[in-house]
Amino acid sequence: MEDHRIGDLLRELPRERASNGFTARVLERLDA
Amino acid sequence: MVLEQPSDAELMARIREGGRDAFADLVDRHKDAVVNYLTRLTGDRDRAEDLGQETFLRLFRSARDYVEQGYLRAYLFRIATNLVRSEERREKRLRLLLPFLPRTGHQPEAATPGLLRQELHRQVSTAVASLPLRYRVPLVLHEIEGWSYVDIAQELGCREGTVKSRIHRGRQHLKAKLEPYWKGGPAWKTTG
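Respectively, the protein sequence lines represent chains A and B. Every letter in the first sequence is one number past the one before it in my numbering, and letter 7, counting from 1, is 7. Every letter in the second sequence is one number past the one before it in my numbering, and letter 70, counting from 1, is 70.
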């Protein structure tokens, strides 16, 4: 497997997004 | 009329004064990047979510000590990396103390023919998360986050050559881990 193929595989990984309510949960933990 | 968004530096200045609204705005702005970075480091979406929240909490609590350098995301990634490092050290110590403790973590599920791409992503993600952290961090920053060697060297406090070397070693590790799926695996070359 070539080096560039490894890079391609990594970049093909989907971008993850924070879940709905992430910010609200951070603020809740801030108050806890 | 388009309202201009406050910069990260402006938001941090307000957070230093205890501004919760500014903090919420900052979390909203960077949460996806932080969760994505942590998912790639840990290979575990739920853990990334939890560590991501902790990352922002630490930012808030250390806001008074924060020195503006013009790139807050790098600072957030540094906090996130340190959290992963601490957690992995803790897990390692626990494994040493309790050798028969079953290892926790994601258990692979059987791939179905219609999910080859997702399965490949899972294999790659798992392989990345299993790399030593010293290779994993620069590899993820360079290949996934698109950072330059120079920026990574600055962030990690090492030389550019060291960064290149670690990324190269990381790729070699990944090759070794993914080679079986590449060579003999079931239709891994099929994409679609």
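Backbone N, C-alpha and C define an ideal beta-carbon position, used for all residues, glycine too.
Best match in the options for proximity to residue i [C-alpha to C-alpha]
i: L195 of chain B; options: B:Y181, B:W147, B:A80; result: Summary: the structure shown does not reach residue 195 of chain B, with chain B confined to residues 1 through 192, and so no result is reported for it.
i: E179 of chain B; options: B:D65, B:Q123, B:V27; result: B:Q123
i: Q118 of chain B; options: A:E2, A:P14, A:E28, A:A18; result: A:P14
i: V84 of chain B; options: B:R64, B:C158, B:D65, B:R134; result: B:R134
i: E145 of chain B; options: B:A33, B:A24, B:Q5; result: B:A33
i: L30 of chain B; options: A:I6, A:V26, A:E12, A:A32; result: Sequence check: residue 30 of chain B is His here, not Leu. Out of A:I6, A:V26, A:E12, A:A32, A:V26 has the C-alpha closest to the C-alpha of H30 of chain B.
i: V163 of chain B; options: B:L174, B:H142, B:H173, B:Q172; result: B:H142
Coarse secondary structure for residue i, derived from DSSP in three states
i: E155 of chain B; result: helix
i: Q118 of chain B; result: helix
i: Q5 of chain B; result: coil
i: A111 of chain B; result: Any answer about A111 of chain B is weak, because its pLDDT of 46 lies below 50 and its placement is not dependable; what the coordinates show is given next. Coil.
i: N20 of chain A; result: coil
Where the alpha helix (DSSP H) containing residue i begins and where it ends
i: I6 of chain A; result: 3 to 12
i: I15 of chain B; result: 8 to 16
i: V137 of chain B; result: 133 to 139
i: H30 of chain B; result: 20 to 42
i: D46 of chain B; result: 45 to 61
i: D65 of chain B; result: Run containing D65 of chain B: none; DSSP gives neither H nor E here.
For residue j and residue i, believed in contact at Cβ under 8 Å, the rounded distance
i: A176 of chain B; j: T42 of chain B; result: About 21 Å separates the two Cβ atoms, so there is no contact after all.
Near the ligand ZN: residue i beta-carbon under 6 Å from a heavy atom
i: K164 of chain B; result: Inclusion of the ligand ZN in the displayed structure is not the case, the ligand content being empty and no account of it being possible.
Pairing CB atoms from the stretch 144 to 153 of chain B with CB atoms from the stretch 57 to 66 of chain B, are three or more of them under 8 Å?
With contact defined as three or more Cβ pairs closer than 8 Å, the stretch 144 to 153 of chain B and the stretch 57 to 66 of chain B are not in contact.
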